[in-house]
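Chains as they are written, first to last, in numbering that gives the first Met the number 0: chain A, 0 to 330; chain B, 0 to 330.
Note that the Cβ used here is the ideal one computed from N, Cα and C, for glycine as well.
Here is the structure we will look at.
2 protein chains.
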Amino acid sequence: MDVIADLEERAKRVNEAIASYLESGENQKLLLAVQHYPSAGGKRLRPVLAEVVAQAVGGAGEKAVPFGAAIEIIHNFTLVHDDVMDNDSMRRGRPSVHVLFDVPTAIIAGDALFARAFETLSDVDVPPQSTRRLLKLTAHAVWLIAEGQQEDMDFERIPPTELAIGDYERMIWKKTAVLFECAAEGGAIIAGGTEEQIDAMRDYARSLGIGFQIYDDVLALLGDKNTTGKPVGNDIRNGKRTLIVLHALQNLAADDPRRTALLTALGNANATPEQIDAAIQALQDCGSIDYALEVARQHAAQGKKHLEVLKPSPERDFLAAIIDYAVNRKS
Amino acid sequence: MDVIADLEERAKRVNEAIASYLESGENQKLLLAVQHYPSAGGKRLRPVLAEVVAQAVGGAGEKAVPFGAAIEIIHNFTLVHDDVMDNDSMRRGRPSVHVLFDVPTAIIAGDALFARAFETLSDVDVPPQSTRRLLKLTAHAVWLIAEGQQEDMDFERIPPTELAIGDYERMIWKKTAVLFECAAEGGAIIAGGTEEQIDAMRDYARSLGIGFQIYDDVLALLGDKNTTGKPVGNDIRNGKRTLIVLHALQNLAADDPRRTALLTALGNANATPEQIDAAIQALQDCGSIDYALEVARQHAAQGKKHLEVLKPSPERDFLAAIIDYAVNRKS
């Protein structure tokens, strides 16, 4: 199975839906700012997840399309605001919204995407009582994402040696996995799945999301700027406490020069490219990148077990393939 | 009728609801940031409007309390983000969220308030199909508020002589009146009102909101900092194109020294207190403040006519009193 081609094919319907949900509005500048990230593509993992889970559980996938679009619009809202907060100037190989426009417009564009996502949610064709459930699920997910982003920033100010790996895992669960969970759980609800299926799809998506984020942290160090669309080493410069960094600091002795190389660059806005490279090299040498890859792949293996609740189908196979892809991709 | 005492009395239930909806979360800093404006009070006009409209239409007002709380939480989310964008350092006599914490925390706190508002919406005890209607209504209102805020900022960069009074009215409709409309329309929906009643309550609230905002612009020039909680003259310094300013520029001749006084201070971040005072004096002398007061009071009179669709009740009287209060208050 060519998972990327399959993902692209499955994303077509949701891409059309996203474009149509974001085309109406009176303020041209705001509309352009709102459309800037969604129109630049992206893997569409979350909406495709909602759609495929709905199919795999036994409902019609198209009923999950507006919901998936809402989830992807929420994802894009968080990217717009995160880029302002992290002062990231590039996204998907293009200037960030606040760079192309300005910070106030980026704040409003994020808010507008958020609003449009919830308006889209009212369009989902489900029994009325399910609308309430989807609303609660999705709104609570956004609250948790906000907590995750706050923790991610708070962590940057805590000495990395004082953070436990559990703190990091809880943070990335909130910041990344919760929206995957919401997509999958929502897809199962829309398909009229049993509570057992709904729970299993959420648990599958949790593993997918955590594995995805841990692997993303690896890509941010080793990936190619041209394929990831983001400058390599930004996480080091911003002082992100990733699993990789926490593992290295737990394992490198106080007098190890690799520890010094890492701490010299970590959170140092003025670190030179050479210092960034030395820090990445240190993380590679001490096995922390391999460790993170291993953990990401353990999550993928665990996630696949939750798929056993589903009947065999091409969609179940796709869900298994997508979790492998999440922890082996190039960008 | 002592409308302020009545408003305070009616706000008690919603205040408890707002506090309880905002008390849970894992990140203490984020919770404090989230609670900062809601806990500082405010008139609670919007949630009380939802509650009283529900009563006046004939339903139990308490069913509208979670909805009113959601609307007030949305209002507070917009205040948090607006203060970041407008760089306003004070709100309700206290430091703004981004001053007390920092800009990223304020952006996240706004997002978190937004999320919690929609979670609260899922708690509203209405027939399931009404949940969907309330969701669409409220989410679309937030989109329009975002457009209104964008236009407000865009207008600051347009020569004030190029803006029509209609542009200003459309902007404040979006920025302010739409949330009043949403509160009243939602209250009528929750009470099971007829479509005629629902429409009338929305139209009443539109007049209330527009009158409220025009009067607010007057207060921002003439009000006492101690009662409004905001520094007087900020709107001049920020270059806000209010009805007052637009009227003055349409009526002051090119060689009128009052025109010069106004244009010297308008949008001038470095304007001295004396220059600000001179601009306000010019607006007063040329009758533009009186004009705005007159327009605000016309909206109030128009709004009251829409109440005729309701049976006589203390709640209908309160709705009439509140619209008079909106255009005659001290803060």
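Mapping the DSSP letters down to three states, classify residue i as helix, strand or coil.
i	result
Arg93 (chain B)	strand
Ser121 (chain A)	coil
Glu314 (chain B)	helix
Ile321 (chain A)	helix
Ser88 (chain A)	coil
Cys285 (chain B)	coil
Pro126 (chain B)	coil
His305 (chain A)	helix
Ala253 (chain B)	coil
Ala163 (chain A)	coil
Thr241 (chain B)	coil
Phe100 (chain B)	coil
Arg156 (chain B)	coil
Buried or exposed for residue i, please, with buried defined as at least 16 other CB atoms from any protein chain shown within 10 angstroms of its CB.
i	result
Pro126 (chain A)	exposed
Thr160 (chain A)	exposed
Gln149 (chain A)	buried
Ala163 (chain A)	exposed
Arg156 (chain A)	exposed
Asn327 (chain B)	exposed
Gln196 (chain A)	buried
Thr119 (chain A)	buried
Lys173 (chain B)	buried
Leu21 (chain B)	buried
Ala59 (chain A)	exposed
Ala4 (chain B)	exposed
Lys11 (chain A)	exposed
Thr104 (chain B)	buried
Glu314 (chain A)	buried
Gly67 (chain B)	buried
Glu15 (chain B)	exposed
Glu8 (chain A)	exposed
Asn269 (chain B)	exposed
Glu307 (chain A)	exposed
With a threshold of 8 angstroms between beta-carbons, can residue i be considered close to chain A, or not?
i	result
Gly24 (chain B)	yes
Lys11 (chain B)	no
Thr104 (chain B)	yes
Pro127 (chain B)	yes
Thr175 (chain B)	no
Lys28 (chain B)	yes
Leu393 (chain B)	This structure cannot speak to residue 393 (chain B), because chain B is shown only from 0 to 330.
Glu118 (chain B)	yes
Ile107 (chain B)	yes
Val83 (chain B)	yes
Asp87 (chain B)	no
Ala163 (chain B)	no
Ser121 (chain B)	yes
Asp340 (chain B)	Nothing about residue 340 (chain B) can be read from this structure; chain B reaches only from 0 to 330.
Ala145 (chain B)	yes
Asp240 (chain B)	Inspection of the sequence shows that residue 240 (chain B) is occupied by Arg rather than by Asp. Not closer than 8 angstroms to any Cβ of chain A, the Cβ of Arg240 (chain B) fails to qualify, so no.
Ala378 (chain B)	Since the displayed chain B opens at 0 and closes at 330, residue 378 (chain B) lies outside it and no answer follows.
Asp223 (chain B)	no
Please check if any C-beta of chain B sits within less than 8 angstroms of the C-beta of residue i.
i	result
Gln148 (chain A)	yes
His139 (chain A)	yes
Trp172 (chain A)	no
Ile235 (chain A)	no
Ile209 (chain A)	no
Ser206 (chain A)	no
Are the Cβ atoms of residue i and residue j separated by less than 8 angstroms?
i	j	result
Gly232 (chain A)	Ile275 (chain A)	yes
Ile188 (chain B)	Ala116 (chain B)	no
Ile209 (chain A)	His305 (chain A)	no
His246 (chain A)	Tyr214 (chain A)	no
Val56 (chain B)	Leu318 (chain B)	no
Ser413 (chain A)	Leu218 (chain A)	Limits of chain A in this structure are 0 at one end and 330 at the other, which puts residue 413 (chain A) out of reach.
Val96 (chain B)	Asp82 (chain B)	yes
Ala332 (chain A)	Ile70 (chain A)	Because chain A spans 0 through 330 in this model, residue 332 (chain A) falls outside it and cannot be assessed.
Arg45 (chain B)	Phe179 (chain B)	yes
Ile279 (chain A)	Leu220 (chain A)	yes
Asp110 (chain B)	His139 (chain A)	no
Leu242 (chain A)	Tyr324 (chain A)	no
When every heavy atom of the ligand COA is checked, does at least one fall within less than 7 angstroms of the C-beta of residue i?
i	result
Asp215 (chain A)	With respect to the ligand COA, the structure offers nothing, as it holds no ligand at all.
Closer than 8 angstroms by beta-carbon distance: list the chain D residues that pair up with residue i, in chain order.
i	result
Arg131 (chain B)	The chain labelled as chain D is not found among the protein chains of the depicted structure, namely A and B.
(message) Taking beta-carbon pairs under 7 angstroms, can you tell me which members of the region 57–80 of chain A lie near chain B?
(response) His80
(message) So if I threshold CB-CB distances at 7 angstroms, which residues from the region 182–205 of chain B count as touching chain A?
(response) none
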